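Residue numbers (full-length UniProt numbering), protein chains in the order written: chain U, 1 to 209; chain W, 1 to 209; chain P, 1 to 209; chain H, 1 to 209; chain A, 1 to 209; chain G, 1 to 209.
Data block below; observations after.
Number of protein chains: 6
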Amino acid sequence: MKIIHIVFLFFFLSFTTSQASVNDFCVADLKAPDTPSGYQCKPLANITSDDFVFHGFVAGNTNNSFNAALTSAFVTEFPGLNGLGISAARLDIAENGSIPMHTHPGATELLIIVQGEITAGFLTPTSVYSKTLKPGDLMVFPQGMLHFQINTGKGKATAFLTFSSANPGAQLLDLLLFSNNLPSELVAQTTFLDLAQVQKLKARFGGRG
Amino acid sequence: MKIIHIVFLFFFLSFTTSQASVNDFCVADLKAPDTPSGYQCKPLANITSDDFVFHGFVAGNTNNSFNAALTSAFVTEFPGLNGLGISAARLDIAENGSIPMHTHPGATELLIIVQGEITAGFLTPTSVYSKTLKPGDLMVFPQGMLHFQINTGKGKATAFLTFSSANPGAQLLDLLLFSNNLPSELVAQTTFLDLAQVQKLKARFGGRG
Amino acid sequence: MKIIHIVFLFFFLSFTTSQASVNDFCVADLKAPDTPSGYQCKPLANITSDDFVFHGFVAGNTNNSFNAALTSAFVTEFPGLNGLGISAARLDIAENGSIPMHTHPGATELLIIVQGEITAGFLTPTSVYSKTLKPGDLMVFPQGMLHFQINTGKGKATAFLTFSSANPGAQLLDLLLFSNNLPSELVAQTTFLDLAQVQKLKARFGGRG
Amino acid sequence: MKIIHIVFLFFFLSFTTSQASVNDFCVADLKAPDTPSGYQCKPLANITSDDFVFHGFVAGNTNNSFNAALTSAFVTEFPGLNGLGISAARLDIAENGSIPMHTHPGATELLIIVQGEITAGFLTPTSVYSKTLKPGDLMVFPQGMLHFQINTGKGKATAFLTFSSANPGAQLLDLLLFSNNLPSELVAQTTFLDLAQVQKLKARFGGRG
Amino acid sequence: MKIIHIVFLFFFLSFTTSQASVNDFCVADLKAPDTPSGYQCKPLANITSDDFVFHGFVAGNTNNSFNAALTSAFVTEFPGLNGLGISAARLDIAENGSIPMHTHPGATELLIIVQGEITAGFLTPTSVYSKTLKPGDLMVFPQGMLHFQINTGKGKATAFLTFSSANPGAQLLDLLLFSNNLPSELVAQTTFLDLAQVQKLKARFGGRG
Amino acid sequence: MKIIHIVFLFFFLSFTTSQASVNDFCVADLKAPDTPSGYQCKPLANITSDDFVFHGFVAGNTNNSFNAALTSAFVTEFPGLNGLGISAARLDIAENGSIPMHTHPGATELLIIVQGEITAGFLTPTSVYSKTLKPGDLMVFPQGMLHFQINTGKGKATAFLTFSSANPGAQLLDLLLFSNNLPSELVAQTTFLDLAQVQKLKARFGGRG
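Put into structure tokens, the structure is as follows:
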């Protein structure tokens, strides 16, 4: 008897709270439009445990010119992160490889090295903060800072990267400067690079102009 | 003459500002999808004074096993709160009744007692902050903290609860632990409760496993 | 034996977490400087249950020209609210009394009426949203909106106000316009009030100029 | 050979990042519903340079009763600002003109004067902060504060206004109080203005009641 | 000649920006008081690369009753994280070990498993979201949710945890309920546990009452 | 008589609210430590109108290698902006001058051109958004994006820049890459620039290594 009453009250309570708890999380409906705060939420009824799990954080193929691979679990790959202000990526760098200069606009990056040796750093107008990292080390790259990671050890290096945004972006400096159709003269003028240098890298990274 | 000009300018001003003022508030369209920042806004033209008023904050029926009733005015019941970071609930606890241990993920609760006597508190790993409250007292339960409220006086107790979120949720510990289908052994292992205790409460709160 | 180990681990865990939990709340040290996010935190060791409780939410004295009284529990009166984004006030309005036009810059107000009858509303350039409220009703005044409350019933009216800020401020229009030393001509020019009206209210509210 | 590999990796990287970078900006789709965080984003494929540019920040027509003109570039006129927390307006005030008392709920205003002389100020219950400004001066009006701007020089005055919100709104005090249908007696009671003054301004600003 | 001019201008630019860039990061001065937004910043002149690096993310000692170890890099251990909204912990669980039910008030947790097998989940009033995870899997626990992690494989399991806060706290349910001096009857009443069960666990976790 | 009562009540009201209104603004005490949310507030009693006004937004000296001058009014120059999320700068570019590639980590920039012609743009990994601007035009550069401004007209160009942060910083790409002591080989490796190019620009911008 008592139990029925309790369950009844709990149902009453959970009626109002189960709707309220829609906002306890908001799994992205990637087919719907984005908003400044993230994607629309999938209906609660359609959400399962699988929405909160991401598979495939395994070693990427580093058999390329960078000798590096980046596997990202951002909201577009892992919709359960929507609205939660966090995401991650796996970084594999073969010997002599590197992740060149880049920024994440508006997201801080926290690097956890698990194998090998990585020399990493970020740049400000007045200082460089850089360090050679070994397994057991963490390094933080504050939001929006230009930074790099190089495998300076022997053999492969692996790290996990986490970000203070579900959608941190990744803006590689060379892609920004040399993969587009801005006139080479304009790029030279606004970077102080030699025109020939700009043209050479435009050819390499697919830019025109 | 002058008046016409003024009105004209004011219409000009109000043309840009009346659209801008859509964001002065954003009454929820509960039939549309939710987003991480809340529901889509109802069109301004459809909004009336009634959207900003909630009726029914009256004494709930405490004739149940808890001897308690919670009436909530969260965004799902009161769409005018959408995006405004505030909501409320009315709490009625009959003699000997209580609201058992629960949390509101990410919302602070501020309790205003108006009748009777309530002993309330919240728990941290190293301290308990609890107090017996009488009409004229307020108590704050910082965001995400496990807390409880007990009627420790004679006769009924009534309080108003307000929250720093339009959708604070309410996670009752017993519902979390005992109303689901997690195996009883797993619940026992991760709570240090005796298996028999888990099974007993699973039976009471409708859980299986 | 086992227990010792457990307690040891828990102490280890609670060592890192008890420091971490400093941020679970941040009771204001009102003698220290304020910051844009609120006051500095009192040391955890000095915090007791009393920091989370406020006394004195009782009927204020309405024996004045307003026939009204406002008792506030903002961070400056209730330091436990610091950083938690919520506060409250108690409103008592005698028959024929009112709280005149005012704003709370950057805070939403949620009104819970508990006795009597209050007619309340807020103003936008294109609409008025107003309503006569009775016990059991709530009304929300979105952030920064000019609003008012009038006792339109018989006998006293009482309401609880809650705010989406620990420090909502309260800017009474008459105090803004008429209690200062701005030249009356300037006030008249920027309000379209008659100069005589401005001078009359300056005299009433203590302004000069 | 190498180049192909590089381009391939860059395509791989840019595949994940180009989607991630949807959130680097979120140009408003003004035909879609608004949300508490702003409008839905236009699809990335439809976005061009024109979405980030606004034309028409030219002198407005001040041939009206105010001798003033306000040209706004808020998100509703300049959709590229959506979600970015910034907007602007151009202010032209002819000799003897003024922008009367008003607030922007929840947005700070920063004024840059470029021509003429403007006396501006904002009001708190206990102080007035006002100043006569000349080209080369800036003045900040903290969020939600009642403020005004008057041309106190010879000839025209021009200023640029910027706001800490993509949609700051603009609530002119006279429009709030006198353009609606609130009973004149209620307005008089809640402002302490004489009833005749209220009725006179209601007539001027189009209000009834 | 030219270079001098350039350097001069750059110094001019960097004069304003190097001060501005104090806020590009804010390394905690842990000896100064905390605020709701974090600790005060160390002076820029005292900051070195070491402030952005944390050492010691190595396997903890799991030779305890939990068969588990948690090594945290929160702002109190890693001051460079201050104000950046991110932190991390390393989790080692020996065979049959587990991290019992706990919450992080206001922080989302993202788990990256690197060795072994972990069964993890979080609880809502109406559902359980749980999963058995293997290396290469990620799982997200939305903010404030009660959750657990169990080593359900053979041999040791290791995971990295990251949080959407520099100071996520960690509230272990058993410590909250059983390590304090709340009367056992009160704990029983507000949890529906049997009094004997409460007393047994109070004895185990060091609580009195 | 009545007036005295009113003034008394207003003093009562203004007693609680004048303290509350400390947070209506928070003028920076630049001699005190910074926090993640900004500087500590100056005491209210010391604040005057001058704290909200900045002088000196006049044409800078463009007689340098850039043919450009930037005059900033950030919180470090204009303490009244503290905590308000907005700031400004004046940009003067002589014929053929430019502001080279740079970012503002975490701040959006809104440009208002008032004289001459400026070609400006920002870069993403997949697109360039650029435009030639004339007086009356605005352009927005979303937060953290790499961008540039060039005088492409005849004679001087002037623009006002506003930012969605009181302290936006300004990270000039050449200063980041070439004014420090990172080994030239490392810079070359992480930018794909030729080593000779790196060395040439290091010599120009004062870097070593």
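Where is the CB? At the ideal position from N, CA and C, for every residue including glycine.
Owing to the predicted nature of the structure, the values given are computational and were not obtained by experimental measurement.
Below-8 angstroms beta-carbon distance, H:G80 vs any chain U residue: Here residue 80 of chain H refers to the residue found at position 80 when the fourth sequence is read from its first residue. So no, H:G80 is outside the interface.
Spatial distance of A:A37 from G:C41 (CA atoms): Your numbering for residue 37 of chain A matches position 37 in the fifth sequence. Your numbering for residue 41 of chain G matches position 41 in the sixth sequence. In the sequence as displayed, the identity of residue 37 of chain A is Ser instead of Ala. The straight-line gap from Cα to Cα measures roughly 14 angstroms.
Under 8 angstroms by beta carbon: chain U residues contacting H:D50: Translated into the one-based positions of the fourth sequence, residue 50 of chain H becomes position 50. Within chain U, no residue comes near H:D50; the closest Cβ sits about 17 angstroms away, beyond 8 angstroms.
U:P142: contacting residues in chain B (beta-carbon distance under 7 angstroms): No chain B is part of this structure, whose protein chains are labelled U, W, P, H, A and G.
Bounding residues of the alpha helix (DSSP H) (the contiguous stretch that carries U:Q189): For this step, residue 189 of chain U is matched to residue 189 along the first sequence. Per DSSP, U:Q189 belongs to the alpha helix (DSSP H) from S184 to T191.
Length of the line joining the Cα atoms of W:V198 and U:L91: Within the second sequence, residue 198 of chain W is the residue found at index 198, counting from 1. Within the first sequence, residue 91 of chain U is the residue found at index 91, counting from 1. Cα to Cα, W:V198 sits roughly 43 angstroms from U:L91.
Test item: CB-CB of P:A107 and P:S165 under 8 angstroms: Along the third sequence, read from residue 1 onward, the residue named residue 107 of chain P stands at position 107. Along the third sequence, read from residue 1 onward, the residue named residue 165 of chain P stands at position 165. Contact: yes.
Chain-ordered neighbours of A:D24 on chain G, where CB pairs are closer than 9 angstroms: Along the fifth sequence, read from residue 1 onward, the residue named residue 24 of chain A stands at position 24. Near A:D24 (Cβ distances below 9 angstroms), the residues of chain G are P105, G106, N167, G169 and Q171.
Per DSSP, cross-strand counterpart(s) of W:V140: Here residue 140 of chain W is taken as the residue at index 140 of the second sequence, counted from 1. DSSP, once it has assigned bridges, lists W:L110 as partnering W:V140.
Exposure of residue 211 of chain P, with buried meaning 16 or more beta-carbon neighbours within 10 Å: Residue 211 of chain P is absent from the model: chain P starts at 1 and stops at 209.
Whole-number beta carbon distance between P:N181 and P:G209, since they are thought to touch under 8 angstroms: Position 209 of the third sequence, counted from the start, is the residue given in the question as residue 209 of chain P. Position 181 of the third sequence, counted from the start, is the residue given in the question as residue 181 of chain P. In this structure, P:G209 and P:N181 form a Cβ contact; the two beta carbons are roughly 5 angstroms apart against a cut-off of 8 angstroms.
Buried or exposed (CB count within 10 angstroms, at least 16 for buried), P:H55: The residue given as residue 55 of chain P occupies position 55 in the third sequence. The Cβ neighbour count for P:H55, taken over all protein chains shown within 10 Å, is under 16; the residue is labelled exposed.
Start-to-end residues for the beta strand (DSSP E) that takes in H:F163: The residue you call residue 163 of chain H lines up with position 163 of the fourth sequence. It spans A157 to F163 - the beta strand (DSSP E) in which H:F163 sits, taken as one unbroken run.
Member of P:L186, P:H102 and P:T132 whose CA lies at the smallest distance from the CA of H:L177: For the purposes of this step, residue 177 of chain H is taken as the residue at position 177 of the fourth sequence. Among P:L186, P:H102 and P:T132, the Cα nearest to that of H:L177 is on P:H102.
In DSSP terms, what W:D50 is bridged to: Working through the second sequence from its first residue, we reach residue 50 of chain W at position 50. BP columns for W:D50 are empty, so no partner.
Residues that DSSP places opposite W:S87 in a beta bridge: Indexing the second sequence from 1 puts residue 87 of chain W at position 87. Paired residue(s): W:F163.
Element boundaries [alpha helix (DSSP H), containing H:V198]: Against the fourth sequence, residue 198 of chain H aligns to sequence position 198. Residues L195 to F205.
Neighbourhood of P:G206 by C-beta distance below 7 angstroms, restricted to the same chain and skipping five residues each side: Stepping through the third sequence from its first residue, residue 206 of chain P is reached at position 206. Only residues of its own chain outside the window of five on either side were considered, and among them S179 have a CB closer than 7 angstroms to the CB of P:G206, listed in chain order.
Short-range partners of chain G found in the region 50-69 of chain H, where Cβ spacing is below 7 angstroms: Here the close residues are F52, V53, F54, H55, G56, F57 and V58.
C-alpha gap between W:T162 and U:T132, whole angstroms: Within the second sequence, numbered from 1, the residue matching residue 162 of chain W stands at position 162. Within the first sequence, numbered from 1, the residue matching residue 132 of chain U stands at position 132. Each residue's alpha carbon lies about 50 angstroms from the other.
Distance, H:I118 Cα to G:D174 Cα: Reading the sixth sequence from its first residue, position 174 is the one you call residue 174 of chain G. Reading the fourth sequence from its first residue, position 118 is the one you call residue 118 of chain H. Roughly 40 angstroms separates the two Cα atoms.
Per DSSP, cross-strand counterpart(s) of A:S72: Start at 1 with the first residue of the fifth sequence, and residue 72 of chain A comes out as number 72. DSSP lists A:A89 as partners of A:S72.
Bounding residues of the alpha helix (DSSP H) (the contiguous stretch that carries P:L175): Looking up residue 175 of chain P in the third sequence gives position 175. Segment L173 to F178, the alpha helix (DSSP H) holding P:L175.
Residue burial classification, H:V114 (beta-carbon count within 10 angstroms, cutoff 16): Indexing the fourth sequence from 1 puts residue 114 of chain H at position 114. With 16 or more other Cβ atoms within 10 Å, it is buried.
Simplified DSSP assignment, three categories, for P:G38: Within the third sequence, residue 38 of chain P is the residue found at index 38, counting from 1. The DSSP-derived three-state label of P:G38 is strand.
Which listed residue (P:L110, P:S184, P:A88 and P:E77) has its alpha carbon closest to that of W:G80: Along the second sequence, one-based indexing puts residue 80 of chain W at 80. Considering only alpha carbons, the answer is P:L110.
Environment of G:A59 [buried if 16+ CB atoms lie within 10 Å]: By 1-based counting over the sixth sequence, the position of residue 59 of chain G is 59. The residue in question, G:A59, is exposed, as its Cβ has fewer than 16 Cβ neighbours within 10 Å.
CB contact check: G:S164 to chain H, cutoff 8 angstroms: Stepping through the sixth sequence from its first residue, residue 164 of chain G is reached at position 164. Interface annotation, G:S164: in contact with chain H, CB-CB separation under 8 angstroms.
The region 124-143 of chain P touching the region 92-101 of chain P, judged by at least three CB pairs closer than 8 angstroms: At 8 angstroms Cβ cutoff, the stretches do not touch.
CB contact flag (P:Y39, W:S49, <8 angstroms): Here residue 39 of chain P is taken as the residue at index 39 of the third sequence, counted from 1. Here residue 49 of chain W is taken as the residue at index 49 of the second sequence, counted from 1. Taking 8 angstroms as the Cβ cut-off, P:Y39 and W:S49 do not qualify as a contacting pair.
Residues that DSSP places opposite G:T132 in a beta bridge: The residue given as residue 132 of chain G occupies position 132 in the sixth sequence. Looking at the DSSP output, G:T132 sits in a beta bridge with G:T119.
Rounded C-alpha distance that separates W:P183 from W:T191: Locating residue 183 of chain W in the second sequence gives position 183, counting from the first residue. Locating residue 191 of chain W in the second sequence gives position 191, counting from the first residue. C-alpha separation (whole angstroms): 13 angstroms.
Proximity test, Cβ basis, 8 angstroms: A:P183 and chain W: To locate residue 183 of chain A, count along the fifth sequence from 1; it is residue 183. Chain W contact via Cβ: absent.
Proximity test, Cβ basis, 8 angstroms: U:Y39 and chain A: Working through the first sequence from its first residue, we reach residue 39 of chain U at position 39. Residue-level contact by beta carbon fails for U:Y39 and chain A, as no gap is shorter than 8 angstroms.
Chain U contact for H:G207 (CB, 8 angstroms cutoff): Here residue 207 of chain H corresponds to residue number 207 of the fourth sequence, with the count starting at 1. So, not an interface residue.
Min CB distance U:A32 to chain W below 8 angstroms: The residue labelled residue 32 of chain U in the question sits at position 32 within the first sequence. So, interface residue.
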